[in-house]
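*Asks:* Mind looking over this structure? Questions follow.
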Amino acid sequence: MSDSVIPIHEVVQERYGAIATSGGSCCAPGSCDCATNAQLYDPAMLTELPPEVVGLSLGCGDPITIAGLQPGEWVVDLGSGGGIDCFLAAQRVGDAGYVIGIDMTPAMLAKANASKVRMGANNVEFRRGQIEAMPVVSDSVDVVMSNCVINLSPDKSAVFAEAFRVLKPGGRISVSDIVTEGEFSAELRADAARWAECVTGAIDVSEYTAKMAAAGFTDITVVDKTDAEAVVERQPGMPRLYSARITARKPA
Ligand SMILES: C[S@@+](CC[C@H](N)C(=O)[O-])C[C@H]1O[C@@H](n2cnc3c(N)ncnc32)[C@H](O)[C@@H]1O
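Quick note on the numbering used here: the sequence shown kicks off at 3 and runs consecutively.
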């Protein structure tokens, strides 16, 4: 499935632009419920974040806790949205570290930048770009993370190749994402609206990890995998949907 078949980037950008400009009241019924999303994190992690950041949480898990971020590290967040994981990462890497959020949706970047200014978060930067061609220098960051975004990409192999490129040797990737067990039919795959809701773009977890391995990642670990029906609505005929947390490493 690629943009030449369905303009996935356009449909996805339209959806997340609308969410960002709707005042932060996130999601359509049956997908990405805000209250559920805030509960993805240990509440103690969120106490220093403003409500507009927590209220625009659109992830499907907590990639921060498994990333093991250290003071001074450089981090890239793929599909940073309203910035929740960037701000959490910024707290952990401190002033000696740096966090770059990449997102292709201007309205989402505007929300994230407004929060950055209000919070005085000087070690965070939001860049406009597609995660299939990241505006980040090669071999430059310690950690790539992402929360409920790679499933939205029409070219997941390109995303993993780019993640591998920007990581320093020995760097690590930590993602939370929607995956399946089994395949969508071609007909369901062609449902771009549901793709943009983090459903029909998801791929089987073994295909997901195989794409990571093909990009060069090692030590690929599915840390946990829980039923995703609390965050995305599954219809009859669809494969089982999971929210998985996956880590891997670029060889040193
Ligand atoms: C489901 S939201 C998740 C946002 C954020 N990670 C969070 O946890 O709240 C998906 C975000 O990824 C962005 N996005 C989706 N596909 C993208 C792509 N191919 N390149 C860049 N950004 C993308 C969207 O604009 C949106 O802000």
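Where is the CB? At the ideal position from N, CA and C, for every residue including glycine.
Just reading off the beta strand (DSSP E) that M123 is part of, what are its end residues?
*Replies:* As a first step, residue 123 is located in the sequence shown; it is residue number 121 there, counting from the start. As written in the sequence, residue 123 is Ala, which differs from the Met given in the question. Counting along the chain, A123 falls outside any beta strand (DSSP E), and DSSP gives it neither H nor E.
*Asks:* So, for C62: in the same chain, excluding its five sequence neighbours on each side, which residues have a beta-carbon less than 6 Å away from its beta-carbon?
*Replies:* Here residue 62 refers to the residue found at position 60 when the sequence shown is read from its first residue. Hits under 6 Å: C150, S178, I180, V233 and S245.
*Asks:* Whole angstroms are fine: how far does the CA of N115 sit from the CA of L243?
*Replies:* Taking the sequence shown and counting its residues from 1, one reaches residue 243 at position 241. Taking the sequence shown and counting its residues from 1, one reaches residue 115 at position 113. Rounded to whole angstroms, L243 to N115 spans 32 Å at the Cα level.
*Asks:* Could you check whether the segment 194-204 touches the segment 217-229, counting it as contact only if at least three pairs of C-beta atoms, one from each stretch, sit closer than 8 Å?
*Replies:* In short, these stretches do not touch, since the Cβ pair count stays below three.
*Asks:* Who are the near neighbours of A37 in its chain, counting only those whose CB is closer than 8 Å to its CB and skipping five residues on each side?
*Replies:* As a first step, residue 37 must be located in the sequence shown, where it is residue number 35. With a pLDDT of only 45 at A37, under the threshold of 50, the placement of this residue in the model should not be trusted; the figure read from the coordinates follows. Same-chain partners within the cutoff: there are none.
*Asks:* Say the cut is 7 Å; is the CB of Q93 nearer than that to a heavy atom of ligand 1?
*Replies:* As a first step, residue 93 must be located in the sequence shown, where it is residue number 91. No, since every heavy atom of ligand 1 falls outside the 7 Å radius drawn around the Cβ of Q93.
*Asks:* Taking 7 Å as the cut-off, is the C-beta of D229 nearer than that to any heavy atom in ligand 1?
*Replies:* Within the sequence shown, the letter at position 227 stands for residue 229. No, since every heavy atom of ligand 1 falls outside the 7 Å radius drawn around the Cβ of D229.
*Asks:* Quick one: does the C-beta of D87 sit closer than 7 Å to a heavy atom of ligand 1?
*Replies:* Residue numbering aside, residue 87 sits at position 85 when the sequence shown is read from its first letter. Yes, the beta carbon of D87 sits closer than 7 Å to at least one heavy atom of ligand 1.
*Asks:* On the DSSP letters alone, give me the boundaries of the alpha helix (DSSP H) that D87 sits inside.
*Replies:* As a first step, residue 87 is located in the sequence shown; it is residue number 85 there, counting from the start. Counting along the chain, the alpha helix (DSSP H) containing D87 begins and ends at I86 to V95.
*Asks:* Could you tell me the distance, in whole angstroms, from the CA atom of I21 to the CA atom of A198?
*Replies:* Position 19 of the sequence shown, counted from the first residue, corresponds to residue 21. Position 196 of the sequence shown, counted from the first residue, corresponds to residue 198. In a straight line, the C-alpha of I21 is about 12 Å away from that of A198.
*Asks:* Does DSSP put M147 in a helix, a strand or coil?
*Replies:* Position 145 of the sequence shown, counted from the start, is the residue given in the question as residue 147. Strand at M147.
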